[in-house]
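For the sequence shown, position 123 (counting from the first letter as 1) is numbered 122 according to numbering that gives the first Met the number 0, and the numbering increases by one without interruption.
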Amino acid sequence: MTTKAFGAKAADKKLEAMDITRRAPGPHDVQIEIAYCGICHSDLHQVRSEWGGTLYPCVPGHEIVGHVSAVGGHVTRYKVGDVVGVGCLVDSCQTCPSCDEGLEQFCENGWTGTYNSATPDAPGHTLGGYSQRIVVHERFVLKITHPQEQLAAVAPLLCAGITTYSPLRHWGAGPGKKVGIVGIGGLGHMGIKLAHAMGAHTVAFTTSETKRQDALKLGADEVVISKNPDDMAQHAGSFDFILDTVGASHNLDAYLVLLKRDATMCLVGAPEHPHPAPTVFNLILGRKAIAGSLIGGLPETQEMLDFCAAKGITADIEMIRAQDVDDAYERMLKSDVKYRFVMDIATMG
Ligand SMILES: [Zn+2]
Ligand SMILES: [Zn+2]
């Protein structure tokens with residue numbers, strides 16, 4: 000089925016309107032009319048082939064919300080009209096131990112990303128959510144129970160939300176725990192909201208004094224200006240967990256010394272250039288750990304959406320027209336957005 004989309008034909012080309020083809024729904028497939036798609040920094044990296052290996056045409060987008068318009072004969076979880084979401088994954092082997100545990104993001108046979116992954120469908124690689132329609136296996140579709148008017152602001156939960164929710168849950172953010180969130184961007188602003196909603200004492204780290212009030216509004220109990228050594232020193236050895244959302248390479252030692260004994264700092268930003276190697280003594284002295292985390296599996300993504308609906312949590316967004324996506328990318332590079340752009344797919348007309 001022909002579907003309107005926005006994508007790039009090469010790494011050095013701007014995004015443009017194009018027609019793509021979606022498969023007819025198979026027995027386990029859900030066909031979704033997309034209402035909104037969040038704009039993630041990964042979209043920009045991939046569309047410009049900054050991580051290498053981008054397949055063209057490239058239609059990015061993995062923060063998808065919309066309505067079910069058709070289902071295959073064996074679909075049991077969804078019906079026409081349901082409000083649903085699709086995140087970063089549209090398939091996996093569904094049989095390996097990780098998939099069996101609902102940790103499809105760690106599929107041992109390779110998962111299928113929502114865009115830029117191999118697929119039997121034309122044109123041989125997946126095409127994402129900057130499009131009017133998508134067809135996805137029901138296992139990789141999420142139910143959305145937020146009020147209809149919040150739908151656009153729910154879209155970023157599908158990547159930015161789960162990317163921060165999963166490590167916060169895994170390392171036990173909750174009452175009685177002191178949790179740091181480094182960086183206040185698309186990921187970080189969700190990390191602050193979620194850590195606060197989980198009941199943790201939430202401390203936001205930012206390099207910029209101008210973001211202090213914003214961080215407090217998002218739910219931070221305290222804000223630390225990371226450029227100020229005295230400010231940082233006051234928190235030495237006090238954190239149960241630190242979630243680092245910064246996507247540029249930076250000094251990790253400044254945060255390792257803030258962890259308690261046996262505490263972990265988890266990285267979810269993916270810098271183009273590696274971080275400077277941390278001082279090993281900062282790990283040895285206190286049995287501290289540096290860890291990483293990747294989005295979340297489907298069961299946990301559903302748990303996150305349900306948690307956010309119950310707590311009234313959405314992303315802070317700025318809506319754009321499809322035609323303005325290149326401008327949005329330029330602004331995103333300057334961190335000139337509070338805190339996530341969302342494309343109104345209706346503007347593809
Ligand atoms: Zn993303
Ligand atoms: Zn698997």
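Quick reminder that beta carbons are idealized off the backbone N, C-alpha and C, glycines included.
Cβ-heavy atom distance, residue i to ligand 1, below 7 Å
i: C39; result: yes
i: D61; result: It should be noted that the sequence gives His, not Asp, for residue 61. The answer is yes for H61.
i: C87; result: yes
i: C158; result: yes
Unbroken alpha helix (DSSP H) run spanning residue i, endpoints
i: Y254; result: D252 to L255
i: G179; result: Looking at the DSSP string, G179 is not in any alpha helix (DSSP H); the run it does join, the beta strand (DSSP E), is K177 to V181.
i: A194; result: G185 to A196
i: D42; result: H40 to V46
i: V324; result: V324 to L332
i: L284; result: First-last for L284: undefined, no H or E at that position.
Start and end residues, beta strand (DSSP E) containing residue i
i: S292; result: Taken as a continuous stretch (DSSP letters only), S292 belongs to no beta strand (DSSP E), as it is neither H nor E.
i: R351; result: Given that the chain is displayed from residue 0 to residue 348, the structure contains no residue 351 and the question cannot be resolved.
i: G65; result: I63 to V70
i: T163; result: Premise fails: T163 lies in the alpha helix (DSSP H), A159 to H169, not in any beta strand (DSSP E).
i: M303; result: Unbroken run through M303 is the alpha helix (DSSP H), L297 to K310; no beta strand (DSSP E).
i: D261; result: L258 to L266
i: T205; result: H200 to T205
i: V336; result: Note, V336: premise wrong, no beta strand (DSSP E); not H, not E.
i: P82; result: Contrary to the premise, residue 82 reads as Val rather than Pro in this sequence. Here the beta strand (DSSP E) through V82 covers V82 to V85.
Check: residue i C-beta below 7 Å from any heavy atom of ligand 2
i: C307; result: no
i: Q104; result: no
i: C94; result: Checking the displayed sequence, the identity of residue 94 turns out to be Thr instead of Cys. Yes, the Cβ of T94 comes within 7 Å of a heavy atom of ligand 2.
i: N108; result: yes
i: S116; result: no
i: S97; result: yes
i: S91; result: yes
Secondary structure of residue i, DSSP reduced to three states
i: S248; result: coil
i: A7; result: strand
i: K367; result: One cannot answer for residue 367 here, as it falls past the ends of the chain, which runs 0 to 348.
i: I344; result: helix
i: Y35; result: strand
i: L54; result: coil
i: T209; result: helix
Contact test: residue i Cβ vs ligand 4 heavy atom, cutoff 7 Å
i: S165; result: In terms of ligand content, the structure shown lacks ligand 4 and carries ligand 1 and ligand 2 instead.
Within-8 Å CB hit, residue i to chain C
i: P298; result: You won't find chain C in this structure, because it holds only one protein chain.
* Is the number of C-beta pairs between the region 260 to 272 and the region 233 to 251 that are closer than 8 Å three or more? -> yes
* To do: Could you tell me which uninterrupted beta strand (DSSP E) segments, each at least 3 residues in length, are contained entirely in the region 88 to 155, listed from first to last along the chain?
  => 88 to 90 and 132 to 136
* Asked: In the region 217 to 247, which residue ranges form an unbroken alpha helix (DSSP H) of at least 4 residues, counting only runs that do not cross its ends?
  -> 228 to 232
* Do the region 177 to 188 and the region 226 to 238 meet, that is, are 3 or more Cβ pairs less than 8 Å apart? -> yes
* Could you tell me whether the region 149 to 158 touches the region 251 to 261, where touching means 3 or more Cβ pairs closer than 8 Å? => no
* Are the region 0 to 12 and the region 114 to 132 in contact at 8 Å, needing three or more beta carbon pairs? -> yes
* Inter-stretch contact (C-beta, 8 Å, three-pair minimum) for the region 36 to 48 and the region 131 to 143 -> no
* So does the region 68 to 76 actually touch the region 20 to 36, counting three or more Cβ pairs closer than 8 Å? -> Segments in contact, yes.
* Asked: Would you call the region 266 to 286 and the region 213 to 221 in contact, with 3 or more CB pairs under 8 Å?
  -> They do not touch, by the three-pair rule.
* Are the region 283 to 290 and the region 308 to 315 in contact at 8 Å, needing three or more beta carbon pairs? -> no
* **Touching by the beta-carbon criterion (3+ pairs, under 8 Å), the region 43 to 52 and the region 74 to 92** => Taking a cut-off of 8 Å on C-beta distances, the region 43 to 52 does not touch the region 74 to 92, as fewer than three cross pairs fall below it.
* Examine the Cβ distances between the region 165 to 174 and the region 191 to 200 and report whether three or more of them are shorter than 8 Å. => In short, these stretches touch, since the Cβ pair count reaches three.
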